[in-house]
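Asker: My structure is below; once you've seen it, I'll send some questions.
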Amino acid sequence: MCLIEFAERASYYGSIGPFNNFINRPLPDGGNGAGAVAPGAAGLNQSAGALGMGSVAATGIVQMFTFLVSHHYLIFSMC
């Protein structure tokens, strides 16, 4: 059970960075339309992203998501 909980937490913390980049940065030029950078030299100095909402919106949304996940986890762990 501890191994499963550790894997769940690791997947959660591992997904926060890409989630933040997806919200913060705009679609890269020449990418596949899903937020990935172009292959090869065309995508060398680009960052993955999609929504382009900026760092303030990204921080707010990610913190809200973190709060909701933590609150959900806390409530359901008491049951």
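Number 431 in the working numbering belongs to position 54 of the sequence shown; there are no gaps in the numbering. Positions of the beta carbon are idealized from the N, C-alpha and C atoms, including for glycine.
Would a C-beta distance cut-off of 7 Å place ALA413 and ALA427 closer than the cut-off?
Answerer: Stepping through the sequence shown from its first residue, residue 413 is reached at position 36. Stepping through the sequence shown from its first residue, residue 427 is reached at position 50. No, the Cβ-Cβ distance between ALA413 and ALA427 is not below 7 Å.
Asker: Could you tell me whether the Cβ atoms of PRO403 and GLY429 are closer together than 7 Å?
Answerer: Sequence index remark: in the sequence shown, residue 403 carries index 26 (1-based). Sequence index remark: in the sequence shown, residue 429 carries index 52 (1-based). Cβ atoms of PRO403 and GLY429: closer than 7 Å.
Asker: Are GLY408 and ALA418 closer than 7 Å when you measure CB to CB?
Answerer: Working through the sequence shown from its first residue, we reach residue 408 at position 31. Working through the sequence shown from its first residue, we reach residue 418 at position 41. Not in contact: GLY408 and ALA418 (Cβ atoms no closer than 7 Å).
Asker: How about VAL433 and ASN397: do their beta carbons lie closer than 7 Å?
Answerer: Counting from one through the sequence shown, the residue named residue 433 turns up at place 56. Counting from one through the sequence shown, the residue named residue 397 turns up at place 20. Taking 7 Å as the Cβ cut-off, VAL433 and ASN397 do not qualify as a contacting pair.
Asker: Using the rule of at least 16 other Cβ atoms within 10 Å of the residue's Cβ for burial, across every protein chain shown, is ALA384 buried or exposed?
Answerer: Translated into the one-based positions of the sequence shown, residue 384 becomes position 7. Classification of ALA384: exposed, given that the 10 Å Cβ count is below 16.
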